[in-house]
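*Asks:* Take a look at this one; I'll ask things after.
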Amino acid sequence: DVKVTQSSRYLVKRTGEKVFLECVQDMDHENMFWYRQDPGLGLRLIYFSYDVKMKEKGDIPEGYSVSREKKERFSLILESASTNQTSMYLCATTGVDEKLFFGSGTQLSVL
Amino acid sequence: AQKVTQAQTEISVVEKEDVTLDCVYETRDTTYYLFWYKQPPSGELVFLIRRNSFDEQNEISGRYSWNFQKSTSSFNFTITASQVVDSAVYFCALSAVASYGKLTFGQGTILTVHP
């Protein structure tokens with residue numbers, strides 16, 4: 001089975017801090033994604049990457065950036081955290097069968 | 112633009128009841144995929160099913176069944192004889208073919224099964 005590991009389950013940060021959310025997958029998949037989950041809104045795509053060094057904006061990229069230096073690792077960066085970025089962040093990966101495999105999520109609280 | 116609507120925010124049933132989760136979608140694509148995912152309290156979304164838009168056959172997997180009706184743009188999910196372990200948030204999602212993980216999700220339905 002695909003294993004997608006997110007570095008933190010819970011994270012508390014202060015407004016204005018730079019925040020890094022890390023995600024590692026162990027199945028050699030090219031495609032990796034960051035989604036954000038909010039009650040009543042479902043999941044929304046922030047950024048995705050189909051290859052190392054490659055990144056594409058999703059539906060809600062504002063306030064975020066990403067880094068993909070190695071195939072297995074995809075990082076989400078909040079340059080200057082704000083309270084409206086308090087949310088559950090989900091990393092996912094998929095292979096050629098287009099089925100998403102998710103990590104357990106990081107619940108980020110920005111105070 | 113794609114859109115997925117799960118009108119039921121929360122459903123509460125007693126164990127052994129049958130329950131249907133509704134999903135309605137909008138897309139301009141002629142071919143697309145539809146998905147259902149389950150999110151238990153642990154948080155990790157679990158893939159349940161993917162359907163191609165050209166395959167309207169209903170599917171059954173154990174206590175789970177899915178009813179795809181292209182004419183009404185619906186992809187409903189039924190759990191027969193529900194169990195407490197079915198308690199979770201269920202998401203319906205839509206993607207264009209070859210979008211490789213770029214899904215549009217519905218709002219989710221919280222299902223609680225009481226003993």
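Chains A and B, in that order, give the protein sequences.
If you're matching positions, the first sequence starts at 1 in the working numbering and goes up one per residue.
If you're matching positions, the second sequence starts at 112 in the working numbering and goes up one per residue.
All C-beta atoms, glycine included, are put in the ideal place defined by N, C-alpha and C.
The structure presented is a predicted model; accordingly, all values stated were derived computationally and were not measured.
From Thr-15/A to Thr-86/A, what does the alpha carbon distance come to, in whole angstroms?
*Replies:* Distance between the alpha carbons of Thr-15/A and Thr-86/A is about 10 Å.
*Asks:* With distance defined between alpha-carbon atoms, name the residue in Met-54/A, Val-110/A, Leu-43/A nearest to Asn-31/A.
*Replies:* Looking at the Cα atoms, Met-54/A is the closest of the given residues.
*Asks:* Mind checking the region 153–178 of chain B against chain A and listing, in chain order, the residues whose C-beta falls within less than 7 Å of any C-beta there?
*Replies:* Listed by position, the residues of the region 153–178 of chain B near chain A (Cβ gap below 7 Å) are Ser-153, Gly-154, Glu-155, Leu-156, Phe-158, Arg-161.
*Asks:* Are the C-beta atoms of Phe-188/B and some chain A residue less than 8 Å apart?
*Replies:* No, Phe-188/B lies away from the interface with chain A (no Cβ there is under 8 Å from its Cβ).
*Asks:* Taking DSSP's pairing of strands, which residues face Asn-163/B in a bridge?
*Replies:* Answer is Tyr-144/B, bridged to Asn-163/B.
*Asks:* I believe Arg-161/B touches Phe-146/B by the beta-carbon criterion, under 8 Å. Please report the beta-carbon distance rounded to the nearest angstrom.
*Replies:* Yes, they are in contact, since the Cβ atoms of Arg-161/B and Phe-146/B sit about 5 Å apart, within 8 Å.
*Asks:* Please name the residues in the region 206–219 of chain B whose beta-carbon is closer than 9 Å to at least one beta-carbon of chain A, in chain order.
*Replies:* Taking 9 Å as the Cβ-Cβ cut-off against chain A, the residues of the region 206–219 of chain B that qualify are Ser-206, Val-208, Ala-209, Ser-210, Tyr-211, Gly-212, Lys-213, Leu-214, Thr-215, Phe-216, Gly-217, Gln-218, Gly-219.
*Asks:* Check whether the Cβ atoms of Val-66/A and Ser-49/A sit closer than 8 Å, and answer yes or no.
*Replies:* Yes, Cβ-Cβ distance for Val-66/A and Ser-49/A is below 8 Å.
*Asks:* Under 6 Å Cβ to Cβ from Val-124/B, same chain only, skipping five residues before and after it: list those, please.
*Replies:* Closer than 6 Å at Cβ, skipping near neighbours: Val-130, Ser-193, Val-224.
*Asks:* If we cut at 8 Å on Cβ distances, does Tyr-50/A have a partner in chain B?
*Replies:* Output row for Tyr-50/A: interface = yes.
*Asks:* If Thr-220/B sits next to Leu-132/B, beta carbons under 8 Å apart, how far is it from one beta carbon to the other, in whole angstroms?
*Replies:* At roughly 5 Å, the Cβ-Cβ gap stays under 8 Å, so Thr-220/B and Leu-132/B are in contact.
*Asks:* Is Thr-141/B buried or exposed, if buried means 16 or more other CB atoms sit within 10 Å of its CB?
*Replies:* Thr-141/B is exposed by the Cβ-count criterion.
*Asks:* Closer than 9 Å by beta-carbon distance: list the chain A residues that pair up with Tyr-144/B, in chain order.
*Replies:* Simply Glu-98.
*Asks:* Can you look up Ser-182/B in the DSSP assignment and give me helix, strand or coil?
*Replies:* DSSP places Ser-182/B in helix when its eight states are reduced to three.
*Asks:* Beta-carbon of Leu-43/A versus every beta-carbon of chain B: anything under 8 Å?
*Replies:* Yes, Leu-43/A counts as interfacial toward chain B.
*Asks:* In three-state DSSP terms, what is Thr-83/A?
*Replies:* In the structure shown, Thr-83/A sits in a helix (DSSP, three-state: H, G or I).
*Asks:* Using 8 Å as the limit for Cβ to Cβ distance, is Thr-86/A near chain B?
*Replies:* Not closer than 8 Å to any Cβ of chain B, the Cβ of Thr-86/A fails to qualify, so no.
*Asks:* Do Gln-111/B and Phe-202/B have their CB atoms nearer than 8 Å?
*Replies:* The question about residue 111/B has no answer, for chain B in this structure spans 112 to 226.
*Asks:* Just to confirm, is the Cβ distance from Thr-94/A to Tyr-211/B under 8 Å?
*Replies:* The answer is yes: Cβ separation under 8 Å.
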